[in-house]
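The block underneath contains the structure these notes are about, expressed in C-alpha cells.
Residue numbers (my numbering): 588 to 1043.
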C-alpha cells in the first residue's frame, strides 16, 4: 500500500530542498569570488562562451556617420610605443620614416634592449629621438629583485658587455642565441615605462618595428570604446589558458587598464617580471597573463580588426571584407615598410580589409561580368592550413576552379599541377608570384559580399 505523506511533511521536504539549493548557490558564489582571475574556472568558460556571447562591434557601428561615442585626438590622447631590439635595429629607421609625419613625436616612445638616439627630419623639423632600454628596466625595477644568476639576466649582462666592447662577432652570436628571450622581457616593462611618463593619456598603442599602423583606422576603432573602462584590444591568439593580443598585429590598452595594473596592482608586474626572466616564451603572452591576474582579458569579439600578416599575404575573408583594418605585420625591411607607407599612407580615411585589394590587387578582375578570375604563375591562397581544403588527384586547373565555385564558403583556389593538388580557401589574398601554379578568385561571391558593406 502506498503511504500518503501528510502536507506538513511534504512542505518540510520542499523547504529542505530549497535550503540545499540556496546553500549550493552561495557555495558556488563564494568559490567564484575566491578564485583567482587567471584560474581555469575563469579562463576556460570565458574563452568558450566568448564566441556566441562576446561583445562585437558591427561594421555599421564602426562606420556610423554619427558623432563617435568616445572622441579621440590621436595627437594628444594617445601614446605610441614602438618596440625593437639590437638584432632588428635596421628596421627602426624605416618604421620612423613610415610613421613620424602623422604622430605626436612627443608621445612616441621607442624601446629596445639597448639605448640609442635617432636623428630624423619629420613634420618640417629635425628631431633627435631617444630609445630606452626596457630590459634593463625589467631587471632594475622588479620587486622582489630578480636573481642575478637567472639565465636571461646573465644573458642580458653578457650582451651589454659585448655592446660596450663593440664586439660584433659576440653581438651577432648572442642575438642568434637569445635575442628572442630578451624580447620577452620588454613587453610589460615597456608599457610601464610609458605609463610612468604619460599616466593620464586615454590610450596606449604598442607596435613592433615590423608592424605598420594605419592611424585613421586606429582612431576610428578607439572612438568606439570608453578609455575609463578596462580595455585590452588586439589580435587574440593562443590557448584558452593564456589568450593574448599578438604583439606584431599592434594592440591597444586603455588608460583604466594601465592604471589598474601599474598603480593598483604593481605586485602582478613583479610576478610577471620574474616569469619573463626565467621561463616565459612569448612576451605578448606574458603581458596577457599579467593582465589576466587582475581580471583584464583580451577582448575576443574585436580581433577581426587586427592583422598579423603583410599586405600581400593578408587573408581577406568574407566576414572581414567590410570590416575596419588597423594595420600589417611582417614588414621585415625598411624598404618594405616605406613601400607599404607609400601605398596606404595617402588613404586619409579609415581602411577596410577590402582596401588592401583596392590598393594592391588587380582591379580589372572585378570590372568584368565574369563569375571567376584566374591567373597563371600566381597564388591567391598562400600557405594552406586547417581552414583550407585540399583536393588530391585534381585533373586540371579548371576542375579546381569549378570545385571552388561549387562551395559557398570558397573565395579563392590554387592549383598545383605537378602534385595535382587543388587548394580551396575561405579567404583571398593579393597574392604573390608562384611559378607553375594557377590561381583564381570567386569574383561573383566577393561582389555579393561587398554589396552589403557600409561606406567608410
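Think of the CB as a built atom: it goes at the ideal place given N, C-alpha and C, for glycine as much as any other residue. Just so you know, these numbers come straight off a predicted model, no measurement behind them.
Query: C-beta contact flag for residue 659 and residue 810 at 7 Å; Result: yes
Query: C-beta contact flag for residue 843 and residue 668 at 7 Å; Result: no
Query: Pair within 7 Å by beta-carbon distance, residue 533 and residue 960; Result: Because the chain spans 588 through 1043 in this model, residue 533 falls outside it and cannot be assessed.
Query: Span separating the alpha-carbon of residue 1043 from that of residue 657; Result: 18 Å
Query: Residue 832 and residue 773 closer than 7 Å at C-beta; Result: no
Query: Inter-residue CB distance, residue 722 and residue 805 (contact presumed, cutoff 8 Å); Result: With a Cβ gap of about 27 Å, residue 722 and residue 805 do not count as contacting.
Query: Nearest-angstrom beta carbon gap, residue 670 and residue 754 [assumed within contact, 8 Å]; Result: Rounded, the Cβ-Cβ distance is 25 Å, inconsistent with contact.
Query: Alpha-carbon spacing of residue 745 relative to residue 999, whole angstroms; Result: 50 Å
Query: Rounded separation between residue 887 and residue 641 - CA only; Result: 7 Å
Query: Simplified DSSP state of residue 867, which is helix, strand or coil; Result: coil
Query: Beta-ladder partner(s) of residue 914, from DSSP; Result: 800
Query: Inter-residue spacing [alpha-carbon to alpha-carbon] between residue 862 and residue 877; Result: 10 Å
Query: Identity of the residues DSSP links to residue 665 by a beta bridge; Result: 790
Query: Exposure of residue 948, with buried meaning 16 or more beta-carbon neighbours within 10 Å; Result: buried
Query: Under 7 Å between C-beta atoms of residue 940 and residue 1026; Result: no
Query: Extent of the continuous beta strand (DSSP E) to which residue 708 belongs; Result: 703-709
Query: Range of the contiguous beta strand (DSSP E) that encloses residue 712; Result: 712-720
Query: Residue 709 versus residue 1004: straight-line alpha-carbon distance, rounded; Result: 50 Å
Query: Complete alpha helix (DSSP H) runs within the region 720-790 (minimum length 4 residues, chain order); Result: 721-727, 738-752, 755-771, 774-784
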